[in-house]
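Heads up, the sequence shown is in numbering that gives the first Met the number 0, so the first residue is 0 and it goes up one at a time. Even glycine gets a Cβ: it sits at the ideal position worked out from N, Cα and C. Written below as structure tokens is the structure these notes are about.
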Amino acid sequence: MAAHMFPVEADAPFLERLAYLRTSRAVGRAVGCLLVALLIASRGAIAQTAAPPQTQPTEDPPLRVRMPDVTVTAQKEPEDKQRLPVSVTVVPGETIRDANISLVSDAALYAPNTFFTELTARKLSNPRFRGIGSSPSNPGITTYVDGVPQLNASSSSLELLDVDQIELVRGPQSALFGRNTLGGLVNITTSRPSRTGWVGACRFPSGTTDFGPYAEAHRVRWWRTG
């Protein structure tokens with residue numbers, strides 16, 4: 000028995016939708032290809048027009064400040080202050096002259112953790128380093144002048160004349176200077192005479208009980224051989 004095929008006619012709206020879908024797919028493919036081409040072209044342009052890398056600015060070398068050398072003699076041997084394992088304040092002769100320092104107690108104002116109690120018109124002085132003081136019978140802080148201990152109650156208020164520098168050493172120094180330096184010591188170094196010229200020194204002290212001592216000083220030094 001033979002089958003008969005009858006032609007089926009599609010309606011117009013269906014055909015229109017089918018044509019629209021085909022057109023949309025073609026347009027989508029074209030747009031996708033165009034976007035890919037634009038992306039590739041833009042990457043190439045960016046690679047060609049990229050700015051060269053900027054060089055890092057050169058930094059200035061660090062500023063180095065060299066402190067003046069300070070020689071300390073409070074450890075029996077002259078040594079640079081920066082290398083000493085002790086707490087010491089050095090008041091040089093230039094500072095003593097410029098600040099018109101006349102007593103050791105005045106020089107102690109430049110050192111931390113030091114305090115001097117002045118008694119009887121500044122003729123007696125009780126130094127105190129880091130809370131450790133002295134007494135006339137058992138001093139805990141001793142003053143040395145050119146390596147010689149000054150074992151008296153007024154040694155801390157010695158008048159300064161022709162002094163090269165003062166060293167205020169804080170902390171126990173008994174290993175080098177004996178039992179009377181538990182709190183520290185005051186080491187005074189006088190100026191050495193010159194072989195090339197004359198330098199003089201003389202002092203004219205005066206004062207009142209209200210304003211304290213006043214002195215006008217001149218110095219004379221000479222070197223004698225033979």
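With 16 or more other Cβ atoms from the protein chains shown falling within 10 Å of its own Cβ, Pro138 counts as buried. In terms of Cβ geometry, Gln149 and Leu157 form a close pair [threshold 8 Å]. At the C-beta level, Ile100 and Leu175 stay beyond 8 Å of one another.
Take the alpha-carbon of Ser104 and the one of Asn179: they are about 19 Å apart. Between Val162 and Ser190, the C-beta gap is smaller than 8 Å, which places the two residues in contact. As computed with DSSP, Leu167 is found in a beta bridge with Thr88, Val185. Pairing Ala98 with Pro91, the inter-Cα distance amounts to about 11 Å. Assignment of Glu93 by DSSP, reduced to helix, strand and coil, places it in the helix class. In the three-state reduction of the DSSP assignment, Ile39 falls in the helix class. Under DSSP, the beta-bridge partners assigned to Tyr143 are Pro148, Asn186.
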